[in-house]
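Residue numbers (the numbering used here): 6 to 142.
Note that beta-carbon positions come from the ideal geometry of N, C-alpha and C, so glycine has one too.
This report concerns only the one structure given below.
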């Protein structure tokens, strides 16, 4: 059964809240909480040849990142669009980036657009695939 705009209306707030869950987990540097927002077999693709293919790989990567290059950082992401693809599947596009300690807004060199493929699992929406691209190359 194909999703229609009316069938996803009830989920729109939940879909748009997924980036907020990521922002909150990142603010706490909570790699476990961050990883739990993804499906078991999720993909995470980031600049710098980062290609992760499971929740456990994402958890391990973020544990190291929060202790290293992402230590003290925050992240932000604002939904630009949400589009249903099929029943229980949607694509979300956001604009945001990483905030270094003391930053109040994303700098041009850290600004990104991201594509999120979201899948409903039970009552929750989880990230099945995520990729971001720098806006300023």
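Check, Outcome
"Buried or exposed (CB count within 10 angstroms, at least 16 for buried), residue 30", "buried"
"Within 8 angstroms, strictly: CB atoms of residue 20 and residue 130", "yes"
"Backbone secondary structure at residue 82 - three-state DSSP", "strand"
"Beta carbon of residue 24 nearer than 8 angstroms to that of residue 139", "no"
"Sequence-distant residues of its chain with Cβ nearer than 6 angstroms to residue 26 (five each side left out)", "42"
"Own chain, CB closer than 7 angstroms to residue 45, minus 5 neighbours either side, in chain order", "59, 60"
"Nearest-angstrom Cα separation, counted from residue 141 out to residue 68", "27 angstroms"
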